[in-house]
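Undergrad: Going line by line, the protein sequences match chains Y, X, Z and H.
Following this note's numbering, the numbering of the first sequence begins with 4 at its first residue and continues without gaps.
Following this note's numbering, the numbering of the second sequence begins with -11 at its first residue and continues without gaps.
Following this note's numbering, the numbering of the third sequence begins with 321 at its first residue and continues without gaps.
Following this note's numbering, the numbering of the fourth sequence begins with 184 at its first residue and continues without gaps.
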Amino acid sequence: MAVGVLAAVLLAGCGDPDQKLRDNAAQTARTAASDVNTTRLVVEQLQAHRLWIQPARRMVDDAEKSLGTTADSFSTQQPSTEQSARLYEQVNSTLDDAVAAVTAVRIALGNSDLAAAERQLAALQLSGEDLDQVGELAK
Amino acid sequence: MKKLLGVTLGILTAIGGFVDIGDLVTNALVGARFGMHLAWIVLVGVIGICLYAEMSGRVVAMSGRPVFDLIRERLGPRTGLLALVASFLVTLLTLIAEIGGVALAFELASGVSYLLWMPLAALAVWLVIWRVKFSRLEQAFGLLGLLLIVFAVALFKLGPDWGQLLHQATQLHPIGHEGWATYAYYGIALFGAAMTPYEVFFFSSGGVEEKWTRRDLGTERTNVFIGFPLGGLLSLSIMGCAAVLFLPAGIQVGTLGQVALPVVVAFGKIGLAVVLIGMFAATFGAALETALSCGYTIAQYRGWQWGKFVRPREASRFHVVIIVCLVLAVLTLLTAVDPVKVTEYSVVFAAMALPLTYLPILIVANDPDYVGRETNGPVRNAVGLFYLALLTIASVAAIPLMIITKAGA
Amino acid sequence: MSGRVLHAQLHLLDRQLIDRADGHLVGKVDDVELDLDADPPVVAALISGRVEIPAGRIAEVESAVTISTDGLDLDYYDNWIEHHIIDKIPGAGDATE
Amino acid sequence: MRLNELLGHRVIDADGNELGGVADVRLVQDGPLLVSMQRALRVDGLIVVENRSTRLFGYERHVGPELLRRLVHARLGGVWYLPWHEVDEITAGTVTTTSRGNDLRPLEDMARY
């Protein structure tokens, strides 16, 4: 569904202020996708008993921090047209999903609750795909 | 037999000593963003460092004069001072990055914040410099750094499509969302990581520490021409691992943990243990080298007694410089600046400081007053001049590219 | 009749000074004092920091300049730091192991 | 007189033409150093460079990669040897000579040792 809305936004036109926001959204999404995919890779390695919990915590902590900075930075953007506003909302909500999933993993690992972390794998996967879509909106 | 052992030891040390925090971070980062499309820069950098290390080694063996002594002599006090300030600041920045790297490796292993490890790391660096013999510290950390070969083995284990990697390596252009500006910027960063100025300061001062003479020329050349290229292969395998695992997954490398991840995927917990020890050895060894190089540059420019071949009290100003630099490094890191970011900047600034370091070496390697009959031949001069031009272009382009690309963002 | 040719700036200025007695590094040649009124005019002294090294102390001019340092205070700052800082740290006088 | 002060002095010939600047001082060592005491390093002459430049990188002796050497020489212009007996007077900033510009020997023609 998210993809449908985004495609509509994309097809609706390429005004200049829209273009600027779209560039920013795409760049933001690619950076965010990196952290989401890192988290997913870490959880997968934990699940396969290939990684200790200490370094895993460290890596997820770093990913969460970096993702938080990226999301905050995008939310300070100023959408000036209606289309921009829609894209802005859409990207913000995608980022929120990503932050929620990564934070959930961080909390789970903090409590050494591996099962809870593994339950986030699907959400991470989905979030990563959504971000990839946004990432393709612009160069 | 003993000679063969010595040569082997020298080569192994050169391989292990080649990779430091700059190579670890930059190669992984570039592999994740550009695949192998920038691999050729590593090749160019390795040839360059071989060329200049050989020249400075030859000058040391024939005349006993290390690099910064010559820089002041050939460039004069004013231009020499400019070279000193640039080289010293870059070396200090690299020292900060290396100590940060040691602390990050401990943080990954223990889960305890790197901010706590860092003063310990700096203290350990100082203690080793204060108490341990030069050849011993060089060998110990060089050999332990060889554990990073795990990246090469991991690359095989990951079972990449070799044809595709090779194909990437022959396509010299940016891919995906990357533009030419970021491509060039990271090219310069890789170049700076491979040719970092402190490597030559350390190498040539080490020649004096170990009292090289004309008879050591052969050993010196073998170490350089075999050890450094193999070190370069290590760099390439770090890049390859990132290209295979991170590029398709859209993961950008920004932490030391990510640099180690491909080895985890390939070998699990054992792999992680090996790679963490390797990273510790590589960064700790490089922290020793950069701390010493901070002292070498200033002492050699001013003509002070320096080196570990005398007792500390006989080279008191040299040792004070090292202590001050280590304190500065800890204070900088205590501001919670990201050591990985410091590394990314340090390799680019390194590229900027290179021409002033290399010009005097090239001149002196041609001067019979210093090297007797061992002057450069026409081929070495042609290649040397080509590299000088390359270094100058990279040096001039670094800052504009840094601004255009917002430091590679 | 002509002896070895040296160039004052090229071969003397900014060269490393070495103590002939123990091989220690004792500074750089910051300037050269020329006595142009003598006949023939000669190099009168080398200047390193605040210290003037009479030309008669020069033992050798190679890739570094070897001098005899008796009675010259070239190590003033090094000694100051040695006594006030380095000597207070244990192990300062030991050779490394 | 200090060397750093002398370097860069303008050189004026007998006709009042400016020849260039002092780039180095040629010394001759006639005997062993320590033994000859004060008289060991004799000033033999000056090295004059057409376009004033205080650092020659040792290039007046023609060592170094060919290409770099040419670049440096193109920048320096002529490099001449001015024997000490032709130096008339040294005042603040200038050296006056008794010779004429085209009588000077190019440094290249001088023996290195």
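Glycine included, every Cβ here is placed at the ideal spot set by N, Cα and C.
Predicted model only: the values in this text are computed from it and were never measured.
1) Using a cut-off of 7 Å between C-beta atoms, extract the partners of Z:G265 located in chain H.
2) Shorter than 7 Å from the beta carbon of X:S281 to some beta carbon of chain C?
3) If you draw a straight line from the alpha carbon of Y:C17 to that of Y:A141, how long is it in whole angstroms?
4) Residues of chain X with CB under 9 Å from H:L127, in chain order?
5) Of all the options Z:I378, Z:D359, Z:D357 and Z:P360, which has the alpha carbon lying nearest to the alpha carbon of Z:L366?
6) The beta strand (DSSP E) that contains Z:V348, what's its start and end?
7) Any Cβ of chain Y within less than 7 Å of the Cβ of X:T243?
8) According to a CB-to-CB cut-off of less than 7 Å, which residues of the segment 57 to 71 of chain Y neighbour chain X?
9) So, at 7 Å on beta carbons, what are the nonlocal neighbours of X:V(-5) in its own chain, with the 5 sequence-adjacent residues on each side left out?
10) For Z:Q336, name the three-state secondary structure that DSSP assigns.
11) Any beta carbon from chain X within less than 7 Å of H:L224's own beta carbon?
12) Measuring CA to CA, which of X:L72, X:V32 and X:L131 is closest to X:L178?
13) Any residues in the segment 54 to 67 of chain X with a beta carbon nearer than 8 Å to a beta carbon of chain H? Which ones, in chain order?
14) On the CB-based measure, 16 or more other CB atoms within 10 Å of its CB, does Y:N114 come out buried or exposed?
15) What residues match up with Z:S368 in a beta bridge as DSSP calls it?
16) What does X:W28 reach in chain Z if we use C-beta pairs closer than 8 Å?
17) Just tell me which of X:G(-2), X:I29, X:E166 and X:E95 has its CA closest to the CA of X:G194.
18) Please tell me whether X:P300 has its Cβ less than 7 Å away from any Cβ of chain Z.
19) Here's the rule: buried if 16 or more other CB atoms are within 10 angstroms of the residue's CB, otherwise exposed. What is X:T82?
20) Does H:D213 come out as helix, strand or coil in the three-state DSSP assignment?
21) Enumerate in chain order the residues of its own chain whose CB-to-CB distance from Z:N368 is below 8 Å, with the five nearest sequence positions on each side excluded.
22) Please identify, using Cβ separations under 9 Å, the residues of the segment 376 to 400 of chain Z that lie next to chain X, in order along the chain.
23) Is the beta carbon of H:G204 less than 7 Å from the beta carbon of H:V226?
24) I'd like the ranges of any alpha helix (DSSP H) spanning at least 4 consecutive residues and lying wholly in the segment 34 to 62 of chain Y.
25) Is the Cβ of Z:D334 closer than 7 Å to any Cβ of chain X?
26) Can you name the start and end residues of the alpha helix (DSSP H) that Y:R3 belongs to?
27) Counting C-beta neighbours from all protein chains within 10 Å, is the total for Y:P20 16 or more, i.e. buried, or is it exposed?
28) Reducing DSSP to helix, strand and coil, say where X:W150 ends up.
29) Quick one: what does DSSP say Z:I401 is sitting in, helix, strand or coil?
30) Determine, for X:V252, whether the minimum Cβ-Cβ distance to residues of chain Y falls below 7 Å.
31) Is the Cβ of Z:G343 closer than 7 Å to any Cβ of chain X?
32) Leaving aside the five residues before and after X:G192 along the sequence, list all residues of the same chain whose C-beta is less than 6 Å from its C-beta, in chain order.
33) If you measure from the beta carbon of Y:N40 to each beta carbon in chain X, is any gap under 7 Å?
34) For the segment 370 to 382 of chain X, list every residue whose C-beta sits within 9 Å of some C-beta in chain H, in sequence order.
35) Given that X:L342 touches chain H, what residues does it touch there, using C-beta distances under 8 Å?
36) Run through DSSP, which three-state label would X:W477 get?
TA: The structure says:
1) There is no way to answer for residue 265 of chain Z, as the model of chain Z reaches only from 321 to 417.
2) Protein chains Y, X, Z and H are contained in the structure displayed, whereas chain C is not.
3) The sequence position of residue 17 of chain Y within the first sequence is 14, counting from 1. The sequence position of residue 141 of chain Y within the first sequence is 138, counting from 1. Residue placement at Y:C17 is flagged as unreliable, the pLDDT there being 47, under the threshold of 50; a coordinate-derived value is accordingly withheld.
4) A question about residue 127 of chain H goes unanswered here, because the residues of chain H that appear run from 184 up to 296.
5) In the third sequence, counting from the first residue as 1, residue 366 of chain Z sits at position 46. Of the listed residues, the one whose Cα sits closest to Z:L366 is Z:I378.
6) Here residue 348 of chain Z is taken as the residue at index 28 of the third sequence, counted from 1. For clarity, residue 348 of chain Z is Lys in the given sequence; the question names Val instead. Its beta strand (DSSP E) spans residues L345 to K348.
7) If you number the second sequence from 1, residue 243 of chain X lands on position 255. Yes, contact with chain Y.
8) Per Cβ criterion, the list reads Q57, P58, R60, R61, M62, D65 and S69.
9) Locating residue -5 of chain X in the second sequence gives position 7, where the first residue counts as 1. Residues T207 and T210 of the same chain have their beta carbon placed closer than 7 Å to that of X:V(-5), with the five preceding and five following residues left out of the count.
10) The sequence position of residue 336 of chain Z within the third sequence is 16, counting from 1. Reduced to three states, the DSSP call for Z:Q336 is strand.
11) On the fourth sequence, position 41 is the one that residue 224 of chain H refers to. Judged by the 7 Å Cβ criterion, H:L224 is not in contact with chain X.
12) Against the second sequence, residue 178 of chain X aligns to sequence position 190. Comparing alpha carbon positions, the residue from X:L72, X:V32 and X:L131 closest to X:L178 is X:V32.
13) So the list reads R62, L63, G64 and T67, given in the order they occur along the chain.
14) Indexing the first sequence from 1 puts residue 114 of chain Y at position 111. Exposed.
15) Walking along the third sequence from the start, residue 368 of chain Z turns up at place 48. Per DSSP, Z:V371.
16) Here residue 28 of chain X refers to the residue found at position 40 of the second sequence. Under the 8 Å cutoff, chain Z gives no residues; its nearest Cβ is about 38 Å from X:W28.
17) In the second sequence, residue 194 of chain X corresponds to position 206, counting from 1. Checked all of X:G(-2), X:I29, X:E166 and X:E95; the closest Cα to X:G194 is X:G(-2).
18) Numbered from its first residue, the second sequence carries residue 300 of chain X at position 312. At least one CB of chain Z lies nearer than 7 Å to the CB of X:P300.
19) The sequence position of residue 82 of chain X within the second sequence is 94, counting from 1. X:T82 is buried by the Cβ-count criterion.
20) Residue mapping note: residue 213 of chain H aligns to position 30 of the fourth sequence, counting from 1. Coil.
21) The residue given as residue 368 of chain Z occupies position 48 in the third sequence. A small fix is needed here, since residue 368 of chain Z is Ser in this sequence, not Asn. L337, V346, G347, K348, V349, D350 and L394.
22) Answer set for the segment 376 to 400 of chain Z: E382, S383, A384, D395, Y397, D398, N399 and W400.
23) Position 21 of the fourth sequence, counting from 1, holds the residue named residue 204 of chain H. Position 43 of the fourth sequence, counting from 1, holds the residue named residue 226 of chain H. Cβ distance not < 7 Å, so H:G204 and H:V226 don't count as in contact.
24) Listed in chain order, there is nothing to give.
25) For the purposes of this step, residue 334 of chain Z is taken as the residue at position 14 of the third sequence. Yes, its Cβ sits closer than 7 Å to a Cβ of chain X.
26) Nothing can be reported for residue 3 of chain Y, as the shown portion of chain Y is limited to 4 through 142.
27) As a first step, residue 20 of chain Y must be located in the first sequence, where it is residue number 17. So Y:P20 ends up on the exposed side.
28) What you label residue 150 of chain X is simply residue 162 of the second sequence in a count that begins at 1. Looking at X:W150 - three-state DSSP - the assignment turns out to be helix.
29) Against the third sequence, residue 401 of chain Z aligns to sequence position 81. Z:I401: helix per DSSP, three-state reduction.
30) As a working note, residue 252 of chain X is residue 264 in the second sequence. So yes, X:V252 belongs to the interface.
31) As a first step, residue 343 of chain Z is located in the third sequence; it is residue number 23 there, counting from the start. False, the Cβ-Cβ gap to chain X never drops below 7 Å.
32) Locating residue 192 of chain X in the second sequence gives position 204, counting from the first residue. Looking at the sequence provided, one finds Ser at residue 192 of chain X rather than Gly. Result list for X:S192: S44, V48, P54 and V55, in chain order.
33) Numbered from 1 along the first sequence, position 37 holds the residue referred to as residue 40 of chain Y. Chain X, which has a Cβ nearer than 7 Å to the Cβ of Y:N40, makes this yes.
34) The residues in question are A370, G372, L373 and L376.
35) The residue you call residue 342 of chain X lines up with position 354 of the second sequence. Within 8 Å Cβ-Cβ: nothing; X:L342 doesn't reach chain H, min ~16 Å.
36) Within the shown structure, residues of chain X are numbered from -11 to 397, placing residue 477 of chain X beyond reach of any answer.
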